[in-house]
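Trainee:
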Amino acid sequence: MKVSFRKLPGDPSQGILFFWMLSMDASPPNLVVDQFIPELFFDFLFIRAGRVLCVDKITGDEFSLPPQSLKTLFTRPLMFRFSTPLMLFGARFALDFAGSFLAEMKANSFLEQAWVRKDTKRLENFKSQMEGRFRSQQEGKFPHPLFSSGLDESSWMANFSSRHKRRIYQSVFGLSRKDLRNIANLHVFLEQACDFTADNPRIIQHVNPDVFYDQPHLNHSFKKMTGVSPVEYFQASSILQDRLMAASYNEIPGS
Amino acid sequence: MKFKKSKNDVVNDYITKLQAEIAPLFLEIRACVLAAGPSFNESIKWKNCLVYGTTRNHIQTVVGKGGVSLIFFEGTLLKDPYGLLEGEGNKVRTMRITPSNFNKAALRDYVRQTINIKSEDL
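Protein sequence lines, in the order shown, are assigned to chains A and B.
Quick note on numbering: this note's numbering labels position 199 of the first sequence as 199, and the sequence is numbered without any gaps.
Offset between the second sequence (1-based) and this note's numbering: plus 1000.
In structure tokens form, the structure reads like this:
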């Protein structure tokens, strides 16, 4: 099977991290399964050719993705079934993007969109259409970003009541702040697993006491969000999400 | 830096950005793994783990200070005449490699054994 993945830089001021294109070709055509775990990114997906079936691993629901959709934040695992030949374009958005998305943001869902022309064939063209669309959109839900860095709240939210903040989080992300923290914690663990020092040879049993109380707590949280154990996660091969993650967390060991 | 290009551009990108002090050992290990397991695909898991796999991932590479660790996901099923596999878990075993202790024959043996493990043995 031939797999090709390309990316182009986005515009961080618009909350767009990067644009990408994935193509898969196999002879004879076949089905490719891809596992997705929760991440703190929004993804716009444009299916140029092929079909993408999505399986919610918790509810068991199966549905075909519309040609253009925005994947919102997920708190549970997802499975994609790609039918080849496949050509998929995408844009990955940071959390800030949610503040400029004026429609209702519902978590764990795909919101149908019509952001690019159906006949788009090249990644450069996809990028220019997407940037043009968001350049013209100036206003957002709030005058300032919700977070100053990471998941730290901006100072302008300091005087709001907890109840009001809950409403804000729900309307912007479709999730509570605790849900966002849980997703962040999942990746704190994965970061450790990928970057352990010589003192911690058994990565799966390396637990950060600031994030997880103990090994059972880690395993429970991890499995609840990903549907698999840490070892099973690293053992599973994923074509799209592995590439998106490598492109998103573009850091080099030891740097 | 000269190295055999991967079919996966993300992997090439990763290798070119490796730190100079660890890159020679990393590339030597990679060449040894790919020679013993020519059917392996390479990919980057999460942000900076190079993994070798076929239909499932078999080996994960983690770069540490002064060395590289290879995590064999089916490590408990491997015979270890060299005594280089560490770990006490139910599944994985780790081979820690530094420039001074790199045993290529052992690595080739572990890779060949890993590839020959069938799904039904798991």
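Glycine included, each C-beta is placed from N, C-alpha and C at the ideal position.
DSSP puts glycine 90 of chain A in a beta bridge; with which residues?
Mentor: Answer is A:Trp20, A:Leu45.
Trainee: With 8 Å as the threshold, decide whether the Cβ of alanine 246 of chain A is near any Cβ in chain B.
Mentor: So yes, alanine 246 of chain A belongs to the interface.
Trainee: What does a CB cutoff of less than 8 Å around lysine 223 of chain A pick up in its chain, not counting 5 residues either side in sequence?
Mentor: Within the same chain, lysine 223 of chain A has close Cβ partners Ser229.
Trainee: Tell me whether the beta-carbon of leucine 180 of chain A lies closer than 8 Å to the beta-carbon of phenylalanine 189 of chain A.
Mentor: The answer is no: Cβ separation not under 8 Å.
Trainee: Report yes or no: is there a C-beta of chain A within less than 8 Å of the C-beta of glycine 1053 of chain B?
Mentor: Yes, its Cβ sits closer than 8 Å to a Cβ of chain A.
Trainee: Should arginine 1096 of chain B and glutamine 235 of chain A be called a contact, given that it needs their Cβ atoms to be closer than 8 Å?
Mentor: Not a contact, by the Cβ cut-off of 8 Å.
Trainee: So valine 231 of chain A and valine 1092 of chain B are in contact, right, with Cβ under 8 Å, and what is the actual spacing, rounded?
Mentor: 6 Å between Cβ atoms; contact.
Trainee: State buried or exposed for leucine 1070 of chain B, treating a residue as buried only when at least 16 other CB atoms are found within 10 Å of its CB.
Mentor: By the 10 Å Cβ count, leucine 1070 of chain B comes out buried.
Trainee: Using a cut-off of 7 Å between C-beta atoms, extract the partners of isoleucine 1044 of chain B located in chain A.
Mentor: The contacting residues are Asp242, Ala246.
Trainee: In whole angstroms, what separates the C-alpha of asparagine 1103 of chain B from that of proline 67 of chain A?
Mentor: One C-alpha to the other measures close to 51 Å.
Trainee: Taking only beta-carbon positions, decide if phenylalanine 1102 of chain B is within less than 8 Å of chain A.
Mentor: No, because no Cβ of chain A sits closer than 8 Å to the Cβ of phenylalanine 1102 of chain B.
Trainee: Assuming serine 27 of chain A and leucine 86 of chain A make a contact with CB atoms under 8 Å, what is their CB distance in whole Å?
Mentor: With 8 Å as the limit, serine 27 of chain A and leucine 86 of chain A do not qualify as a contact, their Cβ atoms being about 13 Å apart.
Trainee: Under a Cβ-count criterion, where at least 16 other Cβ atoms within 10 Å of its own Cβ denotes burial, should phenylalanine 80 of chain A be classed as buried or exposed?
Mentor: Buried.
Trainee: Any Cβ of chain A within less than 8 Å of the Cβ of glutamine 1060 of chain B?
Mentor: Yes, glutamine 1060 of chain B counts as interfacial toward chain A.
Trainee: Report all residues from its chain with a CB closer than 8 Å to the CB of phenylalanine 1072 of chain B; omit the five preceding and five following residues, and keep chain order.
Mentor: Result list for phenylalanine 1072 of chain B: His1058, Ile1059, Leu1078, Leu1085, Val1092, Arg1093, Thr1094, Met1095, Tyr1110, Thr1114, in chain order.
Trainee: What are the residues in the stretch 1060-1082 of chain B lying within 9 Å of chain A by C-beta distance?
Mentor: Correct list: Gln1060, Val1062, Val1063, Gly1064, Lys1065, Gly1066, Gly1067, Ser1069, Ile1071, Phe1073, Glu1074.
Trainee: When the cut-off is 8 Å and only beta carbons count, does valine 228 of chain A lie next to chain B?
Mentor: Taking Cβ atoms only, chain B never reaches closer than 8 Å to valine 228 of chain A, which makes this a no.
Trainee: What whole-angstrom Cβ distance do leucine 8 of chain A and phenylalanine 19 of chain A have, given they're in contact under 8 Å?
Mentor: At roughly 5 Å, the Cβ-Cβ gap stays under 8 Å, so leucine 8 of chain A and phenylalanine 19 of chain A are in contact.
Trainee: To the nearest angstrom, report how far apart phenylalanine 41 of chain A and leucine 78 of chain A are at their CA atoms.
Mentor: Cα to Cα, phenylalanine 41 of chain A sits roughly 14 Å from leucine 78 of chain A.
Trainee: Listed in chain order, which residues of the stretch 1084-1097 of chain B have Cβ atoms closer than 9 Å to some Cβ of chain A?
Mentor: So the close ones are Glu1086, Gly1087, Glu1088, Gly1089, Asn1090, Lys1091, Val1092, Thr1094, Arg1096.
Trainee: If contacts are defined as beta-carbon pairs under 8 Å, then serine 154 of chain A and histidine 144 of chain A qualify, I think. What distance do you get, rounded to the angstrom?
Mentor: That belief holds up - the Cβ atoms of serine 154 of chain A and histidine 144 of chain A are roughly 6 Å apart, short of 8 Å.
Trainee: How would you label glycine 227 of chain A, buried or exposed, when you count the other beta carbons within 10 angstroms and need 16 or more for buried?
Mentor: That one is buried.
Trainee: Leaving out the 5 sequence neighbours to the left and right, which residues in its chain are closer than 8 Å to serine 64 of chain A when beta-carbon positions are compared?
Mentor: If we look at serine 64 of chain A and ignore the five residues flanking it on each side, its Cβ neighbours are Arg51, Val52, Leu53, Cys54.
Trainee: Give me the Cβ distance between arginine 92 of chain A and serine 248 of chain A, rounded to the nearest whole Å; I'm assuming they're in contact under 8 Å.
Mentor: At roughly 6 Å, the Cβ-Cβ gap stays under 8 Å, so arginine 92 of chain A and serine 248 of chain A are in contact.
Trainee: Is the beta carbon of isoleucine 47 of chain A sitting closer than 8 Å to the one on leucine 88 of chain A?
Mentor: For isoleucine 47 of chain A and leucine 88 of chain A, yes; Cβs fall inside 8 Å.
Trainee: Expressed to the nearest angstrom, what Euclidean distance is found between the alpha-carbon atoms of glutamine 113 of chain A and proline 216 of chain A?
Mentor: Near 41 Å, if we compare the C-alpha coordinates of proline 216 of chain A and glutamine 113 of chain A.
Trainee: In three-state DSSP terms, what is leucine 240 of chain A?
Mentor: Looking at leucine 240 of chain A - three-state DSSP - the assignment turns out to be helix.
Trainee: Quick check: the Cα distance between isoleucine 1022 of chain B and cysteine 1049 of chain B, rounded to an integer number of angstroms?
Mentor: Answer to the nearest angstrom: the Cα atoms are 14 Å apart.
Trainee: In chain order, what residues of the stretch 1001-1015 of chain B put their CB closer than 9 Å to some CB of chain A?
Mentor: Answer in chain order: Lys1007, Asn1008, Asp1009, Val1010, Val1011, Asp1013, Tyr1014.
Trainee: Using DSSP with H/G/I as helix, E/B as strand and the rest coil, what is arginine 51 of chain A?
Mentor: In the structure shown, arginine 51 of chain A sits in a strand (DSSP, three-state: E or B).
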